[in-house]
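Q: Residue numbers (the working numbering): 373 to 1263.
All residues carry an ideal CB built from backbone N, CA and C; glycine is no exception.
First the structure, then my questions, so here it is.
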């Protein structure tokens, strides 16, 4: 066996890896040995994957870690180390905790990981991961998340490919703070690393079945064993089906259901030689009716909803009852494969991980969230991703060791999307216009019935090609048997090319109402038809000294709502023409590179206590706004008054002849994020007690903020966002059968600079959605039923987030001040209690009764402006109480 390390740490690792986990039941140790498991720490997952599931817990464990027993092995630093020896802020959730707490997916994971927050909003694929208050990427496929998710060492770039149920998992590691020198894909906010169990050389497996309220049925199964003396296999499948908890009036099906299944197959080649191979193939299918959004504030447009025969449940988000004209459909397919090869070359080990994945995501949704048929949205997305990681790790007997590697990432993203007018669209907007649409059509020469006609209102094609490579490495130097110095570096080079095109079909949206008045005035002055008022005629009329005063008078009238009644229709022009990109001014590309680095000192104060100090940076390249609110920047275009083309001042886009009616400024791209963290950590482990404390000051310059505008997204950079605070995780075992865990996170978050916010200057304010205090605590009691080997295991956990504002503001109000004031009415506080009781029998059968959200606590996940309904506010609620029974058999 290869022994890594020098001094006390090296000896401890050797002891731990030699017996997998000293202090584990003898049967578990025998199984691990008979399975032919290689505890060689050169393998990224091997030691931890093979550790018996009894080494569980939060940060940990439901059972304690002591100095030389029941240790949790992690690979957060790409080397097998005990959790207490790992000088990184990392939370570990192991297989047994996942089973005992009935954690189904990464959304549930947050209840046992205080610094992690996860939300699912508009559809099943819209999941956002936030660590220490930093996270983005929700609902805009052009934005990669700041929190990177890896599954078995493979980077998953989009949330739709990350949200499968957690089946046959060894553990989940959540690394907090920027990660750049160990993971080839630079992560500015943190990493979630999911490690599945690998094939075993002894036949075994498990099956389980769950039945719960809302007719939930969950079936899971896995089997593993040898094919030959050097090849092992594993197969696993998962099926999760549940009725929705929201009644859709007039429909048989309910909203917010579960309907997903997945399968994974693995092959492991290991003949105790220098080469080891692990191949994985997986497939996941989701076909769900998701997601419910209820009304929080019924605005002035609600009367028009009722006026066309529509209905909604006003201002009662938690009624779990909705009126829709169609059920939301969300279909996701995610599949791919990877091959990991580990080759031992004396004191060096070379590791290669190659993967290819495809993801399709289609959803069609009634986004006005009423039974009136007037606004529907379709998105059809496809993502193809290839990654290649290669690294070399040293295993010298001396004090110096290193890891060096390279990472390549290539991805193609495509989206075809559309806003679709329904049968009630014209009637709804005609009511808002006071019945004026037929008159306007006649005045502007449009065909009768053409404004807000049924059918697509926009047709969009967005594409993004991303190529990224990086070189990374770390060096560990053990100065003494107690002091280790670590340095690391990452060079990232990122190239993105993107193409965006949109056709806005509504004739009203394609006319600027100021320009229409000016053209009519000039035509009347010249006694010619409006069709003959060309740009050359306008220029001559405005520049002629004899007619220039008339032009100025017409312009003044055109801009005055009292003299130009057409201006009252401008709020209905919310889907204006789109300036396609690339064009003569905007090349449609980004080119970024960066050097990130790490410096750390860790010191073993004693065999039970160590401390570390870290200064690290991280980086995320530019993100692209793949939405219908992607617009040129003010540097490229200056809009005319009220979007006028005729009155627009000089700018590169106008001068190039690219200007379109009602064009406004915004962003196409959010620039790179640059993260910095200073962290002081302490990790102590004594019999019956573990304590992990991290004090940190973390900031992101140019944090990429993705803000929903009501029809698309404003993707902007916050100049600087910072979070200071601490994270405390403890495990206490006062007596052998009783284990307490307690996690507390304190976050002092601030927008140090956000002068470019859509809501004005937010500098000095607290970012929304970041609780000051988060608590995650649990108690587990294991009772032996005589000498039968059977056990009764009870677990209860509590999760709390202190009160927060949910958004910076709302944009669907006449003024920014009104939007900010209404936004302050809506806040969130979370208090969740979960529990389970398990009968674990010596013959491998387990029966668990569980409940999640025991007290049926309801709160708002997020809020947003009503689509095409100014002054209306909608929101997403959390899930009500769920409960059930799981039967499991392990063989």
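Let me know if residue 815 comes out buried or exposed under the rule of 16 or more other beta-carbons within 10 Å of its beta-carbon.
A: Along the chain shown, read from residue 1 onward, the residue named residue 815 stands at position 443. So residue 815 counts as exposed.
Q: May I have the straight-line CA-CA distance separating residue 1065 from residue 701, to the nearest angstrom?
A: Start at 1 with the first residue of the chain shown, and residue 1065 comes out as number 693. Start at 1 with the first residue of the chain shown, and residue 701 comes out as number 329. One C-alpha to the other measures close to 44 angstroms.
Q: According to DSSP, is residue 915 part of a helix, a strand, or is it coil?
A: On the chain shown, residue 915 is found 543 positions in, with the first residue counted as 1. Of the three classes helix, strand and coil, the one that applies to residue 915 here is helix, per DSSP.
Q: Might you give, ordered along the chain, the residues of its own chain that have their beta carbon closer than 7 angstroms to the beta carbon of residue 602, omitting 5 neighbours on each side?
A: Here the question's residue 602 lines up with position 230 in the chain shown. Excluding positions up to five away in sequence, the list reads 641, 642, 643.
Q: Can we say the region 839-847 touches the region 784-802, given the rule of at least three CB pairs closer than 8 angstroms?
A: The region 839-847, when compared against the region 784-802, does not touch it at the 8 angstroms Cβ threshold.
Q: Following the continuous alpha helix (DSSP H) through residue 1204, name the residue where it begins and the one where it ends.
A: Taking the first residue of the chain shown as 1, we reach residue 1204 at position 832. First-last for residue 1204: 1199-1212, but that is the beta strand (DSSP E), not the alpha helix (DSSP H).
Q: Apart from the five residues just before and just after residue 756, which ones in its own chain have a Cβ nearer than 6 angstroms to its Cβ?
A: Taking the first residue of the chain shown as 1, we reach residue 756 at position 384. The residues are 730, 784.
Q: Out of curiosity, what's the CA-to-CA distance linking residue 822 and residue 831?
A: Numbered from 1 along the chain shown, position 450 holds the residue referred to as residue 822. Numbered from 1 along the chain shown, position 459 holds the residue referred to as residue 831. The straight-line gap from Cα to Cα measures roughly 17 angstroms.
Q: Closest by CA to residue 1019, which one among 726, 930, 724, 1155?
A: Position 647 of the chain shown, counting from 1, holds the residue named residue 1019. Selected option, being the one with the closest Cα: 930.
Q: Which term fits residue 699, buried or exposed, when burial requires 16 or more other beta carbons within 10 angstroms of its beta carbon?
A: Taking the chain shown and counting its residues from 1, the one referred to as residue 699 is at position 327. It is buried - the Cβ of residue 699 has at least 16 other Cβ atoms within 10 Å.
Q: Measuring CA to CA, which of 592, 593, 607 is closest to residue 599?
A: Counted from its first residue, the chain shown places residue 599 at position 227. Answer by Cα proximity: 607.
Q: Residue ranges of each alpha helix (DSSP H) run of no fewer than 4 residues wholly in the region 793-839, ordered along the chain?
A: Whole alpha helix (DSSP H) segments, 4+ residues: 797-804, 809-816.
Q: Look at residue 1341 and residue 827 and say whether their C-beta atoms are less than 9 angstroms apart.
A: This structure gives no information on residue 1341, because the portion of the chain shown stretches from 373 to 1263.
Q: Quick one: give me the first and last residue of the alpha helix (DSSP H) that residue 1024 is part of.
A: Locating residue 1024 in the chain shown gives position 652, where the first residue counts as 1. Element bounds for residue 1024: 1024-1027.
Q: Can you give the beta carbon distance from residue 1150 to residue 1168, rounded, assuming they're within the 8 angstroms contact cut?
A: On the chain shown, position 778 is the one that residue 1150 refers to. On the chain shown, position 796 is the one that residue 1168 refers to. Right, their Cβ atoms sit about 7 angstroms apart.
Q: Apart from the five residues just before and just after residue 470, which ones in its own chain have a Cβ nearer than 8 angstroms to its Cβ?
A: Here residue 470 refers to the residue found at position 98 when the chain shown is read from its first residue. 538, 541, 544, listed in sequence order.
Q: Quick one: give me the first and last residue of the alpha helix (DSSP H) that residue 471 is part of.
A: The count along the chain shown starts at 1 and reaches residue 471 at position 99. It spans 467-472 - the alpha helix (DSSP H) in which residue 471 sits, taken as one unbroken run.
Q: So residue 1195 is in the alpha helix (DSSP H); what residue range does that whole segment cover?
A: In the chain shown, the residue the question calls residue 1195 occupies position 823. 1188-1195 is the extent of the alpha helix (DSSP H) around residue 1195.
Q: In the DSSP assignment, find the unbroken beta strand (DSSP E) run with residue 1105 in it and report its ends.
A: Residue mapping note: residue 1105 aligns to position 733 of the chain shown, counting from 1. Run containing residue 1105: 1085-1107, per the beta strand (DSSP E) assignment.
Q: Which word fits residue 1214, buried or exposed, when buried means at least 16 other C-beta atoms lie within 10 angstroms of its C-beta?
A: One-based indexing of the chain shown puts residue 1214 at position 842. Under this definition residue 1214 is an exposed residue.
Q: In whole angstroms, give me the CA-to-CA distance for residue 525 and residue 1118.
A: Residue numbering aside, residue 525 sits at position 153 when the chain shown is read from its first letter. Residue numbering aside, residue 1118 sits at position 746 when the chain shown is read from its first letter. Near 30 angstroms, if we compare the C-alpha coordinates of residue 1118 and residue 525.
Q: Is it buried or exposed, residue 497, if we count other Cβ atoms within 10 angstroms and call 16 or more buried?
A: Walking along the chain shown from the start, residue 497 turns up at place 125. Label assigned to residue 497: buried.
Q: Can we say the region 717-734 touches the region 753-767, given the rule of at least three CB pairs closer than 8 angstroms?
A: Yes, since at least three Cβ pairs between the region 717-734 and the region 753-767 fall closer than 8 angstroms, the two stretches touch.
Q: By Cβ distance, which residues of its chain are closer than 6 angstroms to residue 637, with the 5 residues on each side in sequence left out?
A: If you number the chain shown from 1, residue 637 lands on position 265. So the list reads 607, 653, once near-sequence residues are dropped.
Q: I need the DSSP call for residue 1251, collapsed to helix, strand or coil.
A: Taking the chain shown and counting its residues from 1, one reaches residue 1251 at position 879. Correct three-state label for residue 1251: coil.
Q: In terms of alpha-carbon separation, which member of 1030, 972, 1021, 899 lies closest to residue 953?
A: Taking the chain shown and counting its residues from 1, the one referred to as residue 953 is at position 581. Considering only alpha carbons, the answer is 1030.
Q: Would you kindly check if the distance between the Cβ of residue 672 and the Cβ of residue 1242 is under 9 angstroms?
A: The count along the chain shown starts at 1 and reaches residue 1242 at position 870. The count along the chain shown starts at 1 and reaches residue 672 at position 300. Yes, these two residues count as a Cβ contact at 9 angstroms.
Q: If you run the structure through DSSP and keep just helix, strand and coil, what is residue 483?
A: Residue 483 sits at position 111 when you count from the first residue of the chain shown. Helix.
Q: Could you compute how far the alpha carbon of residue 1252 sits from the alpha carbon of residue 582?
A: Start at 1 with the first residue of the chain shown, and residue 1252 comes out as number 880. Start at 1 with the first residue of the chain shown, and residue 582 comes out as number 210. Taking the straight line joining both Cα atoms gives about 18 angstroms.
Q: Going by C-alpha distance, which of 873, 843, 819 is nearest residue 790?
A: Looking up residue 790 in the chain shown gives position 418. Among 873, 843, 819, the Cα nearest to that of residue 790 belongs to 873.
Q: Given 8 angstroms as the limit, is there contact between the region 863-880 and the region 924-938, that is, 3 or more CB pairs closer than that?
A: Because the criterion of three Cβ pairs below 8 angstroms is not met, the region 863-880 and the region 924-938 do not touch.
Q: What is the rounded straight-line gap between the Cα of residue 576 and the Cα of residue 775?
A: Sequence index remark: in the chain shown, residue 576 carries index 204 (1-based). Sequence index remark: in the chain shown, residue 775 carries index 403 (1-based). Cα to Cα, the separation comes out at about 35 angstroms.
Q: Quick check: does the Cβ of residue 640 come within less than 8 angstroms of any heavy atom belonging to the ligand PLP?
A: As far as ligands go, the structure on display features none, and thus does not contain the ligand PLP.
Q: Any idea what DSSP makes of residue 927, helix, strand or coil?
A: Locating residue 927 in the chain shown gives position 555, where the first residue counts as 1. DSSP places residue 927 in helix when its eight states are reduced to three.
Q: So, at 6 angstroms on beta carbons, what are the nonlocal neighbours of residue 809 in its own chain, with the 5 sequence-adjacent residues on each side left out?
A: Along the chain shown, one-based indexing puts residue 809 at 437. 802, 823, listed in sequence order.
Q: What three-state label does DSSP hand residue 729 in the structure shown?
A: Residue mapping note: residue 729 aligns to position 357 of the chain shown, counting from 1. DSSP places residue 729 in strand when its eight states are reduced to three.
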